[in-house]
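Notes for the one structure printed next.
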Amino acid sequence: MWLGDEQVLHDGRWVVAYRSGGGDLYGGTAGIGLVLSQVAAATGEPEVANAARGALRHAVRWVERTRPPHSLFSGSAGVACALVDAAESLDDPSLTDAALDLALAAAEAPPTSNDLISGRAGSVLALLHLGREMDRPEVTEAAETLGERLVDAAEHVPAAGLAWPSDGEPGESPLCGLAHGASGPVLALTELASVRGRGRLLDVAVAGTAYERAWYSAEHQNWPDLRELDREAMTRGEEPGWPAFWCHGSLGIGLARLRLLELTGRSVFEAEATVALDSALSQVRAAAALDAEAVGEQGDFSLCHGLGAAIELLLEGARVLRRPALSRAARRAGDLAMELTEGAAGPWPSGVHRGGENPSLMLGLAGTALTFLRLANPQVASPLRAYAVSVVTRRVIVQLRAPVDPATLAGQAERLCAFAPGAEVERISPRGRVLLRLPVDADLASALDALGAADDVEYAEADVIDTAQGSEGAAPDLDS
Numbered sequence: 019m020w021l022g023d024e025q026v027l028h029d030g031r032w033v034v035a036y037r038s039g040g041g042d043l044y045g046g047t048a049g050i051g052l053v054l055s056q057v058a059a060a061t062g063e064p065e066v067a068n069a070a071r072g073a074l075r076h077a078v079r080w081v082e083r084t085r086p087p088h089s090l091f092s093g094s095a096g097v098a099c100a101l102v103d104a105a106e107s108l109d110d111p112s113l114t115d116a117a118l119d120l121a122l123a124a125a126e127a128p129p130t131s132n133d134l135i136s137g138r139a140g141s142v143l144a145l146l147h148l149g150r151e152m153d154r155p156e157v158t159e160a161a162e163t164l165g166e167r168l169v170d171a172a173e174h175v176p177a178a179g180l181a182w183p184s185d186g187e188p189g190e191s192p193l194c195g196l197a198h199g200a201s202g203p204v205l206a207l208t209e210l211a212s213v214r215g216r217g218r219l220l221d222v223a224v225a226g227t228a229y230e231r232a233w234y235s236a237e238h239q240n241w242p243d244l245r246e247l248d249r250e251a252m253t254r255g256e257e258p259g260w261p262a263f264w265c266h267g268s269l270g271i272g273l274a275r276l277r278l279l280e281l282t283g284r285s286v287f288e289a290e291a292t293v294a295l296d297s298a299l300s301q302v303r304a305a306a307a308l309d310a311e312a313v314g315e316q317g318d319f320s321l322c323h324g325l326g327a328a329i330e331l332l333l334e335g336a337r338v339l340r341r342p343a344l345s346r347a348a349r350r351a352g353d354l355a356m357e358l359t360e361g362a363a364g365p366w367p368s369g370v371h372r373g374g375e376n377p378s379l380m381l382g383l384a385g386t387a388l389t390f391l392r393l394a395n396p397q398v399a400s401p402l403r404a405y406a407v408s409v410v411t412r413r414v415i416v417q418l419r420a421p422v423d424p425a426t427l428a429g430q431a432e433r434l435c436a437f438a439p440g441a442e443v444e445r446i447s448p449r450g451r452v453l454l455r456l457p458v459d460a461d462l463a464s465a466l467d468a469l470g471a472a473d474d475v476e477y478a479e480a481d482v483i484d485t486a487q488g489s490e491g492a493a494p495d496l497d498s
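Residue numbering for the sequence shown follows this note's numbering, beginning at 19 and increasing consecutively.
Here's what the structure looks like:
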């Protein structure tokens, strides 16, 4: 087991306690074992691999002993995901066998709450990942069934789209954010739509973003944390917090919007993701202003609500938006973290407020290790995107026949969409090359055949850059 500082509830208030952790993905040995397995794969160190196996054995025993909910970050479904991923990193099929038992149990008895950490949203993502990785259709079908329950649980909010009831005190507004708010179900339904196709699932996900958009503050360039704000407090004019965290606020919401942008290509999601990326860059600038002494008091490198979350969003923004400058900013943040800690006394700053070292994935050292692994190789998988698949869109490049008339080029490009229903024009070259974004459920081969047969088309081909997992390169040069 691992020991470290945690915040625990004691006599109605949160205090720091030095204690052993559980076995969950968020704060326990499943998350630690997952990261150690990735470090072992990258370094070839047998001692690290053995430590990873030990952590994962503890996580399995924790599930057997405590019978936690079948959730992603706080329960057995997350342990199963860690086992499956570690089985590949460690080349250890026995871990997959253990994961299968947990996956089948999670499929049989999913959670009844709705959020990402401990509810249906996280379980949908976990079951999709497990079904895909283990080729178990019944697990994938359970994810689809649970997704329908998530849709049914959504509530209409007048003039503000759909939201999911909070698990907090009666009278609280439905929350914004990824961990416990609307962006958790939004991300889950978006991912499910990438498997089952667009339609009702995607419509509900988009309506969930409308709810959060109604709360967006242009003044704060952020979404509020509504956990402590009930209706009476709002009536009194009390202000919420405006955190830039993975769990609450802009960083987690930005990850969900990047995912929706991949699936739909809608400019509103790019705009919201850009706001979140600006928050991440601001967080990096704020860290740069700290000196070594301040790092120990104010620093937080955690994935949940620290610099690690900002780096993750920057890496994901670089990939989705094809902006290498964001990747460079993420690497600068990593260099900054190393420089600050080299001159500071004490351990790496954790996400435990007023606490010391923590070993976990989301609040401590395991998460910091994952951040540096991702900076070295962005194709290393990150649970921060809750097991969303990297590429969900299909793009094709169409070359129009010469001669190309600049005056009618835009119209020609738009007419191409008729040959691939649901397609959108993403970019047009003056030489008559058109980049089309196809719906995720489009039949790529049929679309290419139909486009290639059009009278004014010289050829149509798949955009090979788009199919590269984890690519952070620039957008394709349509005139090359």
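Where a beta carbon is used, it is the ideal one built from N, C-alpha and C, also for glycine. What you are looking at is a predicted structure, and each value in this text was computed from that prediction instead of being measured.
Relative to the C-alpha of residue i, which residue among the options is closest?
| i | options | result |
| --- | --- | --- |
| residue 235 | 194, 221, 220 | 194 |
| residue 289 | 339, 422, 174 | 339 |
| residue 450 | 441, 359, 424 | 424 |
| residue 84 | 134, 39, 66 | 39 |
| residue 348 | 381, 373, 301, 322 | 301 |
| residue 37 | 373, 190, 127 | 373 |
| residue 58 | 431, 391, 454 | 391 |
| residue 147 | 455, 125, 283, 167 | 125 |
| residue 165 | 152, 219, 444 | 219 |
| residue 259 | 51, 240, 107, 426 | 240 |
| residue 245 | 269, 210, 221, 199 | 199 |
| residue 428 | 227, 152, 86, 446 | 446 |
Going by other Cβ atoms of all chains shown within 10 Å of its Cβ, with 16 needed for buried, is residue i buried or exposed?
| i | result |
| --- | --- |
| residue 184 | buried |
| residue 267 | buried |
| residue 376 | buried |
| residue 21 | exposed |
| residue 105 | buried |
| residue 94 | buried |
| residue 243 | buried |
| residue 356 | exposed |
| residue 397 | exposed |
| residue 254 | exposed |
| residue 484 | Low per-residue confidence applies at residue 484: pLDDT is 38, beneath 50, and the placement is therefore not dependable enough to give any value. |
| residue 303 | exposed |
My guess is that residue i and residue j are in contact by the Cβ rule of under 8 Å, so how many angstroms apart are they, rounded?
| i | j | result |
| --- | --- | --- |
| residue 475 | residue 416 | 6 Å |
| residue 117 | residue 88 | No, residue 117 and residue 88 are not in contact; Cβ-Cβ is about 13 Å, not under 8 Å. |
| residue 42 | residue 78 | Residue 42 to residue 78, Cβ: 12 Å. No contact. |
| residue 298 | residue 201 | Not a contact, Cβ separation roughly 16 Å. |
| residue 53 | residue 388 | 5 Å |
| residue 180 | residue 206 | Contact flag wrong, Cβ pair sits at about 13 Å. |
| residue 175 | residue 229 | 6 Å |
| residue 256 | residue 247 | 6 Å |
Straight-line CA distance for residue i to residue j?
| i | j | result |
| --- | --- | --- |
| residue 471 | residue 400 | 42 Å |
| residue 135 | residue 203 | 11 Å |
| residue 469 | residue 461 | 12 Å |
| residue 353 | residue 395 | 15 Å |
| residue 101 | residue 155 | 19 Å |
| residue 478 | residue 233 | 43 Å |
| residue 47 | residue 251 | 39 Å |
| residue 441 | residue 435 | 5 Å |
| residue 409 | residue 212 | Bear in mind that a pLDDT of 41 at residue 409, under 50, signals an unreliable position, so the model cannot answer this. |
| residue 127 | residue 163 | 12 Å |
| residue 67 | residue 456 | 42 Å |
| residue 103 | residue 481 | 29 Å |
| residue 501 | residue 208 | Past the edges of the chain, shown from 19 to 498, lies residue 501, and the structure says nothing about it. |
| residue 292 | residue 90 | 27 Å |
| residue 24 | residue 109 | 33 Å |
| residue 453 | residue 444 | 6 Å |
| residue 473 | residue 448 | 19 Å |
| residue 224 | residue 161 | 19 Å |
| residue 331 | residue 139 | 20 Å |
| residue 334 | residue 271 | 13 Å |
| residue 418 | residue 466 | 14 Å |
| residue 414 | residue 342 | 22 Å |
| residue 463 | residue 190 | 49 Å |
| residue 264 | residue 382 | 14 Å |
| residue 72 | residue 327 | 27 Å |
| residue 359 | residue 133 | 34 Å |
Look up residue i in the DSSP assignment and give the residues it is bridged to.
| i | result |
| --- | --- |
| residue 214 | Note: residue 214 sits in no beta bridge, so no partner. |
| residue 25 | 34 |
| residue 417 | 451, 477 |
| residue 445 | 453 |
| residue 267 | 262 |
| residue 235 | 240 |
| residue 371 | Paired residues: none, contrary to the question. |
| residue 180 | 174 |
8 Å is my cut-off, CB to CB: does residue i come that close to chain C?
| i | result |
| --- | --- |
| residue 43 | Absent from the structure: chain C. Only one protein chain is present. |
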